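First to last, the protein sequences are chains C and B. If you read the first sequence in our numbering, its first letter stands for residue 1, the second for the next number, and so on. If you read the second sequence in our numbering, its first letter stands for residue 1001, the second for the next number, and so on. Positions of the beta carbon are idealized from the N, C-alpha and C atoms, including for glycine. Note that the coordinates shown come from a computational prediction; the quantities given were computed from them, not determined experimentally.
There are 2 protein chains.
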Amino acid sequence: MPATNLDIVAIGNAIVDVIAKADEAFIAAEGIEKGSMRLVDTETAEGLYGRMAPGIEASGGSAANTVAGIAALGGRCGFIGQVADDLLGRVFTHDIRALGVAFDTAVRAPEPPTARCLILVTEDGQRTMNTFLGASQFLPEAALDRALIASAAILYLEGYLWDPEQPRAAMRAAIEIAKGAGRKVAFTLSDAFCIERHRADFRALLDEGRIDILFANEGEILALTETKNFDAAVAETAAKVPLLVVTRGEHGAIAVEKGQQFYSVPAEPVDRVVDTTGAGDQFAAGFLAGQAQGRAIGDCLTMGAVAAAEVISHYGPRPEADLNALIAARLG
Amino acid sequence: MPATNLDIVAIGNAIVDVIAKADEAFIAAEGIEKGSMRLVDTETAEGLYGRMAPGIEASGGSAANTVAGIAALGGRCGFIGQVADDLLGRVFTHDIRALGVAFDTAVRAPEPPTARCLILVTEDGQRTMNTFLGASQFLPEAALDRALIASAAILYLEGYLWDPEQPRAAMRAAIEIAKGAGRKVAFTLSDAFCIERHRADFRALLDEGRIDILFANEGEILALTETKNFDAAVAETAAKVPLLVVTRGEHGAIAVEKGQQFYSVPAEPVDRVVDTTGAGDQFAAGFLAGQAQGRAIGDCLTMGAVAAAEVISHYGPRPEADLNALIAARLG
């Protein structure tokens, strides 16, 4: 097996977030499920944007947020995702490259435009996402940089990108490239509604041993296993994946290695939860950065918890504070 | 004099900010004066953007930030400024209208694009601005809504917009419309470098009695009067304007009414200065909202200080917290 050039290469939606405050009544009036992610078409996106409060724009995308976090922690990362030849595409490209992430997926024609996600943040810090996939849904298998994937210790994939057909095919191909090169595949289940749409596929990936590290939150692992019993859901899933990581919000996170070795950490304290956007993404970033540094699983969980606590204390899905300093203060 | 429909109508640059962290060495290497605003051309903007850190995008523009703050405090506002027919133009328009601000300046052709300001924020919270004026510099006198200006109690103008020729002519015309309707004219000096470019014009506006309320910070009033003595600068300027408001950063702010009545407030405490972008703009917002509410000048200064303290405690140039609640807690 040749040496790795990268710690992580991720495939994900290339999205710019539009983040605005909203109250519960607004979300109810729009007929949106609070806390979820839904896909919207151009018309719905334009209408909602017209009605929502002033926003800030920031590069987002689940797996892209994760590689941004890993890069901020000193990890060597690559990203594969589809932007259009437009201003948001240039913003996304700038932001991820400015972190030192290798991002060279060929830009696509201006239509459809670069993906955006209208994120409504309520007073309790919960985010409700309305995603217009735009160019992102047209990531073709041909865009895969096979050498890049083969050179990375871990291939990281987001479940959200399973919705559109072309990226789904590309991710299946990428898994085979990574496996063929002897690399690990990490996968995040992304969202309970996303699992409802693709449960059979996600289960098959696990049953066929295509996934080495699985990230989920409590709602997602329950959705995957179609149970209401958390312990049963964890036991069933942990039996199918070498390393399972489950975040539990304010209750911290757990990991199960080889179906039997359990680890857990409490949540890190946060003065005030401002915006939970990116919490799961940054947890994965901290955890995977720990893996890249060869740390013990308990420490990887702590790194995830520190990164998640940082990102929910401000608006925006990527770290603002010096994560290395925060983690050094915590782990030494 | 007919009744006013609006408290404030402002004319200013219609800008979207790109806000990123930078260290002192980066700013020095770019050959930029830390803490200042400079105008840049397309090439310089593109080059700097390529080298700077990941950013967030948020609607900005000095006077636009001020009306956003006044609107957040319940004031009735209008705005006049030039955007292009492009994505940033739609972002700017959405954000200001979502606050209830009347903004109907006709959109211009896509080239040059909507103005943007690359803002570098250092660890001490200081911001250094690199403004690409784009469409903003082509605001024509014909774009003025005369009835809108005549209907507002105060016309508010930003000194920054004195740089380009067309908006300068438009602002001169707007002053005459407001004066003709018996309204007040407020003006912010914006920036010491801007004053270096237009000192004679700014002095003439004061000498000719065209300005009723003048906003400045310490550096600006020294630049205007070409002195190093703050008290002398205040005395000289206060003699030429019915109401002078001077912000002094951590030393609070003062006001002088009719050249002789002095008021002062300390700065409001801030846990941590994150980003000083918009501090002066929000001070003016709080002060003018107080004026619109018919408050005493001392209370207007306090409202300015509260609004400024809020905006420097987070990234971005416009209020995020509930300013009305903060001011109610302070003034009752």
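Extent of the continuous alpha helix (DSSP H) to which residue i belongs
i	result
B/R1051	T1042 to R1051
B/S1062	S1062 to A1072
B/T1225	E1218 to T1225
C/T237	F230 to A238
B/A1253	Taken as a continuous stretch (DSSP letters only), B/A1253 belongs to no alpha helix (DSSP H), being part of the beta strand (DSSP E) at A1253 to E1257.
Closer than 7 Å to chain C by CB, residue i
i	result
B/I1080	no
B/I1056	yes
B/L1144	no
B/L1323	no
B/L1087	yes
Minimum Cβ-Cβ distance from residue i to chain B less than 7 Å
i	result
C/L331	no
C/A53	yes
Beta strand (DSSP E) segment containing residue i, residue limits
i	result
B/A1084	Note, B/A1084: premise wrong, no beta strand (DSSP E); not H, not E.
B/D1017	I1015 to K1021
B/K1184	K1184 to T1188
B/R1295	Careful: B/R1295 lies outside any beta strand (DSSP E) and carries neither H nor E.
C/E158	A152 to E158
B/E1057	G1055 to S1059
C/F138	Element bounds for C/F138: n/a, residue is neither H nor E.
C/R127	R127 to F132
C/Q166	From DSSP, C/Q166 is part of no beta strand (DSSP E) but of the alpha helix (DSSP H) over E165 to G180.
C/D7	L6 to I11
C/R210	Careful: C/R210 lies outside any beta strand (DSSP E) and carries neither H nor E.
C/I32	Looking at the DSSP string, C/I32 is not in any beta strand (DSSP E), and its letter there is neither H nor E.
C/Q261	Q261 to V265
B/G1078	C1077 to I1080
C/V101	Per DSSP, C/V101 belongs to no beta strand (DSSP E) and is neither H nor E.
C/L243	L243 to T247
Under 7 Å from the C-beta of residue i: neighbouring residues of chain C
i	result
B/S1313	Here the premise fails: no neighbours, minimum Cβ distance about 11 Å.
B/G1069	Chain C residues near B/G1069: none, gap ~12 Å exceeds 7 Å.
B/S1264	The premise fails here: B/S1264 is roughly 32 Å from chain C at the closest Cβ pair, so nothing lies under 7 Å.
B/Y1049	H94
8 Å Cβ cut-off: residues of chain C touching residue i
i	result
B/S1136	Within 8 Å Cβ-Cβ: nothing; B/S1136 doesn't reach chain C, min ~16 Å.
B/D1095	P54 and G55
B/S1059	P54
Cβ-based burial, residue i [other Cβ within 10 Å; buried from 16]
i	result
B/G1012	buried
C/E57	buried
B/E1196	exposed
B/F1262	exposed
C/A253	buried
B/Q1082	buried
C/E310	buried
C/D271	exposed
B/H1251	exposed
B/R971	Nothing can be reported for residue 971 of chain B: it is not among the residues displayed for chain B, which extend from 1001 to 1332.
B/L1157	buried
C/Q282	buried
B/L1087	buried
B/L1331	exposed
C/A150	buried
C/Q260	exposed
C/T114	buried
Where residue i meets chain B, residues with beta-carbon distance less than 7 Å
i	result
C/L99	P1054
Chain B residues whose Cβ lies nearer than 9 Å to that of residue i
i	result
C/V270	Going along chain B, no residue has its Cβ under 9 Å from C/V270, so there is no contact; the nearest lies around 15 Å.
C/A290	The amino acid at residue 290 of chain C is misidentified as Ala; the sequence shows Gly. Here the premise fails: no neighbours, minimum Cβ distance about 22 Å.
C/G316	I1056 and Y1315
9 Å Cβ cut-off: residues of chain C touching residue i
i	result
B/Y1160	In chain order: nothing, as chain C lies at least about 21 Å away.
Interface residues of chain B facing residue i [CB-CB closer than 8 Å]
i	result
C/V273	In chain order: nothing, as chain B lies at least about 14 Å away.
May I ask you to list, following chain order, the residues of the segment 195-207 of chain C that have a beta carbon less than 9 Å from some beta carbon of chain A? This model lacks chain A altogether, as its protein chains are C and B.
What ranges does the beta strand (DSSP E) occupy inside the segment 104-129 of chain C, keeping only unbroken runs of at least 3 residues that lie completely in it? DSSP assignment within the segment 104-129 of chain C yields the following whole beta strand (DSSP E) runs of 3 residues or more, N-terminal first: 115-121.
Minimum length 4: unbroken alpha helix (DSSP H) runs contained in the segment 272-331 of chain C: Entirely contained in the segment 272-331 of chain C, the alpha helix (DSSP H) runs reaching 4 residues are, in chain order, 279-292, 297-311 and 323-331.
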